[in-house]
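Novice: Dumping the structure here so I can ask a few things about it.
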Amino acid sequence: DAGITQSPRHKVTETGTPVTLRCHQTENHRYMYWYRQDPGHGLRLIHYSYGVKDTDKGEVSDGYSVSRSKTEDFLLTLESATSSQTSVYFCAISGRADYNEQFFGPGTRLTVL
Amino acid sequence: GQQLNQSPQSMFIQEGEDVSMNCTSSSIFNTWLWYKQDPGEGPVLLIALYKAGELTSNGRLTAQFGITRKDSFLNISASIPSDVGIYFCAGQLNGNQFYFGTGTSLTVIP
Numbered sequence: 001d002a003g004i005t006q007s008p009r010h011k012v013t014e015t016g017t018p019v020t021l022r023c024h025q026t027e028n029h030r031y032m033y034w035y036r037q038d039p040g041h042g043l044r045l046i047h048y049s050y051g052v053k054d055t056d057k058g059e060v061s062d063g064y065s066v067s068r069s070k071t072e073d074f075l076l077t078l079e080s081a082t083s084s085q086t087s088v089y090f091c092a093i094s095g096r097a098d099y100n101e102q103f104f105g106p107g108t109r110l111t112v113l
Numbered sequence: 114g115q116q117l118n119q120s121p122q123s124m125f126i127q128e129g130e131d132v133s134m135n136c137t138s139s140s141i142f143n144t145w146l147w148y149k150q151d152p153g154e155g156p157v158l159l160i161a162l163y164k165a166g167e168l169t170s171n172g173r174l175t176a177q178f179g180i181t182r183k184d185s186f187l188n189i190s191a192s193i194p195s196d197v198g199i200y201f202c203a204g205q206l207n208g209n210q211f212y213f214g215t216g217t218s219l220t221v222i223p
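Keeping their order, the protein sequence lines are chains A and B.
Note that this note's numbering gives residue 70 to position 70 of the first sequence, counting from 1, and the numbers run on in steps of one.
To get this note's numbering, take the position in the second sequence, counting from 1, and add 113.
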């Protein structure tokens, strides 16, 4: 298994509070991604990173920001959480040599009350 | 965003039966990936395909990269109870962006 951890694994918060989710990898993969998974929508890309300090938006980026100050860490921040951001969030990595494989972390279940 | 058409949406089969599922796209992909997701966990990569027409096996699983590059198939032979889960396909179009199918939920009846 790819060495990807996510923290926290579960979080309950209130509307309007800031939330930061962390993804940590030990595989030295270049690319890192944040997805959300919701019933009926499958996996949707929020933001991704193609290197330290290099990030770009995905299809559902509104209300989210990211930062990557080190190769191994990719942070997802909800500046002011809303109930529509209740979801399961997955981090993923890719970019090992010539192989276009993507590996997922265990997920963070976020509930915004 | 682009979404892949995956079918069937769900399957209920008897233990020991073979399973087939597929994924289609309106776009050509360079890579096809198949994942399995158990409840409360992240998707786990099962098989990766890199070339049109490629047929790759992983134990009882076999996947094929369609020759048109717009589809892929996953077969599971002699299903067992631990095959239960949701199976996702994913395609890589360019760069390092991936697009996902909506999933096939598999239930295996002992």
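Don't be surprised by glycine CBs; every beta carbon is placed ideally from N, CA and C.
None of the values given here were measured: they were computed from a predicted structure.
(1) Short of 8 Å Cβ to Cβ, which residues in the region 127 to 157 of chain B face chain A?
(2) Is the CB-CB distance between G63 of chain A and H47 of chain A below 8 Å?
(3) So which of A:M32, A:P39, A:H29, A:L78 has the shortest CA-CA distance to G16 of chain A?
(4) Of all Cβ atoms in chain A, is any one closer than 8 Å to the Cβ of F178 of chain B?
(5) According to DSSP, is Q116 of chain B helix, strand or coil?
(6) Taking the Cβ atom as the reference point for each residue, do V221 of chain B and I126 of chain B lie within a distance shorter than 8 Å?
(7) Let's test the definition: count the other Cβ atoms within 10 Å of the Cβ of R36 of chain A and tell me whether it reaches 16, buried, or not, exposed.
(8) Would DSSP call S69 of chain A helix, strand or coil?
(9) Helix, strand or coil, according to DSSP, for Q85 of chain A in the structure here?
(10) How would you list, in chain order, the residues of chain A whose beta-carbon sits under 9 Å from the beta-carbon of A203 of chain B?
(11) Tell me, please, whether the region 19 to 37 of chain A touches the region 122 to 136 of chain B by the rule of three or more beta-carbon pairs shorter than 8 Å.
(12) Counting only beta-carbon atoms, is N209 of chain B nearer than 8 Å to chain A?
(13) Under 7 Å, CB to CB, which of the residues in the region 78 to 95 of chain A have a partner in chain B?
(14) Let me see if you follow: with CB-CB separation under 8 Å, is P106 of chain A close to chain B or not?
(15) For S133 of chain B, which beta-bridge partners are listed by DSSP?
(16) Are the Cβ atoms of I199 of chain B and V132 of chain B separated by less than 8 Å?
(17) Please confirm whether G166 of chain B has its beta-carbon closer than 8 Å to some beta-carbon of chain A.
(18) Is Y64 of chain A close to chain B, meaning its C-beta is less than 8 Å from at least one C-beta of that chain?
Specialist: A quick look at the data gives this:
(1) N143, T144, L146, Y148, G153, E154, G155, P156, V157
(2) Reading the first sequence from its first residue, position 63 is the one you call residue 63 of chain A. Reading the first sequence from its first residue, position 47 is the one you call residue 47 of chain A. Going by C-beta atoms, G63 of chain A is not nearer than 8 Å to H47 of chain A.
(3) On the first sequence, residue 16 of chain A is found 16 positions in, with the first residue counted as 1. It is A:L78 whose Cα lies nearest to the Cα of G16 of chain A.
(4) Against the second sequence, residue 178 of chain B aligns to sequence position 65. Output row for F178 of chain B: interface = no.
(5) Stepping through the second sequence from its first residue, residue 116 of chain B is reached at position 3. Residue state, collapsed to three classes: coil.
(6) As a position in the second sequence, residue 221 of chain B is number 108, starting the count at 1. As a position in the second sequence, residue 126 of chain B is number 13, starting the count at 1. Taking 8 Å as the Cβ cut-off, V221 of chain B and I126 of chain B qualify as a contacting pair.
(7) One-based indexing of the first sequence puts residue 36 of chain A at position 36. Buried is the call here.
(8) As a first step, residue 69 of chain A must be located in the first sequence, where it is residue number 69. Secondary structure at S69 of chain A: strand, using DSSP grouped into helix, strand and coil.
(9) For the purposes of this step, residue 85 of chain A is taken as residue 85 along the first sequence, with counting starting at 1. Helix at Q85 of chain A.
(10) For the purposes of this step, residue 203 of chain B is taken as residue 90 along the second sequence, with counting starting at 1. Chain A residues near A203 of chain B: L43, Q102.
(11) No: fewer than three Cβ pairs fall under 8 Å.
(12) Here residue 209 of chain B corresponds to residue number 96 of the second sequence, with the count starting at 1. By this cut-off, N209 of chain B is an interface position.
(13) F90, S94, G95
(14) By one-based count along the first sequence, residue 106 of chain A stands at place 106. At least one CB of chain B lies nearer than 8 Å to the CB of P106 of chain A.
(15) The sequence position of residue 133 of chain B within the second sequence is 20, counting from 1. Note: S133 of chain B sits in a beta bridge opposite B:N188.
(16) Start at 1 with the first residue of the second sequence, and residue 199 of chain B comes out as number 86. Start at 1 with the first residue of the second sequence, and residue 132 of chain B comes out as number 19. Not a contact, by the Cβ cut-off of 8 Å.
(17) The residue labelled residue 166 of chain B in the question sits at position 53 within the second sequence. Not one chain A Cβ lies under 8 Å of G166 of chain B.
(18) Start at 1 with the first residue of the first sequence, and residue 64 of chain A comes out as number 64. Output row for Y64 of chain A: interface = no.
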